[in-house]
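In what follows, a single structure is set out as structure tokens and then discussed.
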Amino acid sequence: MSVTTRVLTGEALAAALPDVARLRISVFRDWPYLYDGDADYERDYLKAYQSPGAVVVAALDGTRVVGAATGAPMSDHAADFAAAFAGRPEPMSQIFYCAESVLLPEYRGQGIGHAFFDAREAHARGLGLRHCAFCSVIRSPDHPARPSGYRPLDEFWRKRGYAPLPGVTARFAWKDLGQQAETEKDLQFWMRAL
1 MSVTTRVLTG
11 EALAAALPDV
21 ARLRISVFRD
31 WPYLYDGDAD
41 YERDYLKAYQ
51 SPGAVVVAAL
61 DGTRVVGAAT
71 GAPMSDHAAD
81 FAAAFAGRPE
91 PMSQIFYCAE
101 SVLLPEYRGQ
111 GIGHAFFDAR
121 EAHARGLGLR
131 HCAFCSVIRS
141 PDHPARPSGY
151 RPLDEFWRKR
161 GYAPLPGVTA
171 RFAWKDLGQQ
181 AETEKDLQFW
191 MRAL
């Protein structure tokens with residue numbers, strides 16, 4: 001499969017948000033997110049990526065969007081993350097938030113994950129920011145929905161220079177598959193200097 005990536009900002013980014021929503025709903029159904037997503041939640045959530053510093057990196061198979069990675073200055077998310085980063089020496093104004101990377105399963109293992117991070121890190125440098133951070137969902141190792149043989153992405157992230165920030169976590173609510181209501185989940189922040 002021949003996949004290309006494109007960095008999208010401004011109007012091109014806004015035009016890609018429906019594809020990002022579709023991919024988030026599809027890809028995040030799997031472990032560890034177990035996300036039972038819907039278009040209304042997505043529309044509200046993705047408003048954060050309409051800021052001037054935001055970026056979407058789209059993975060394209062021809063003209064079909066098969067993956068996407070999002071990011072924006074952490075200051076665009078200050079209300080959500082201020083408590084998590086309180087006491088950190090890095091000012092939030094110097095951190096770029098690499099939000100999600102979603103890629104259809106049949107396109108994995110081709111280096112697209114690296115392309116997603118490379119493009120977002122380059123975008124952050126272009127904005128003059130000095131750090132990149134993201135968060136990963138924390139699930140119990142004995143969770144009944146955990147697939148046997150599951151390999152977390154920790155090794156991939158560490159090879160890219162990211163490390164978990166001790167005690168820096170956030171809580172987000174979403175509806176898990178098979179559940180009637182949203183529940184809060186803990187997310188661990190990882191960060192690297194650029």
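The sequence shown maps to residues 1 to 194 in the UniProt record's numbering.
For each residue, glycine too, the CB sits at the ideal point set by N, CA and C.
Original post:
Nearest-angstrom Cα distance between residue 151 and residue 31?
Top reply: Counting only the Cα atoms, residue 31 lies some 10 Å from residue 151.
Original post:
Going by the beta-carbon positions, is the gap between residue 189 and residue 84 smaller than 8 Å?
Top reply: yes
Original post:
Could you give the distance in angstroms between the alpha-carbon of residue 116 and the alpha-carbon of residue 19?
Top reply: If I take the Cα positions, the gap works out to 16 Å.
**OP:** Please confirm whether residue 24 and residue 42 have their CB atoms less than 8 Å apart.
**Re:** Cβ atoms of residue 24 and residue 42: closer than 8 Å.
**OP:** Hey, could you find the ends of the alpha helix (DSSP H) residue 115 is sitting in?
**Re:** First-last of the alpha helix (DSSP H) with residue 115: 112–126.
**OP:** Could you tell me which of 59, 133 and 147 sits nearest to residue 194, measuring between CA atoms?
**Re:** 133
Subject >> Given residue 67 as reference, the closest of 110, 74 and 101 once Cα atoms are compared >> reply: 101
Original post:
Which two residues bound the contiguous beta strand (DSSP E) that contains residue 67?
Top reply: 64–73
**OP:** Check whether the Cβ atoms of residue 112 and residue 27 sit closer than 8 Å, and answer yes or no.
**Re:** no
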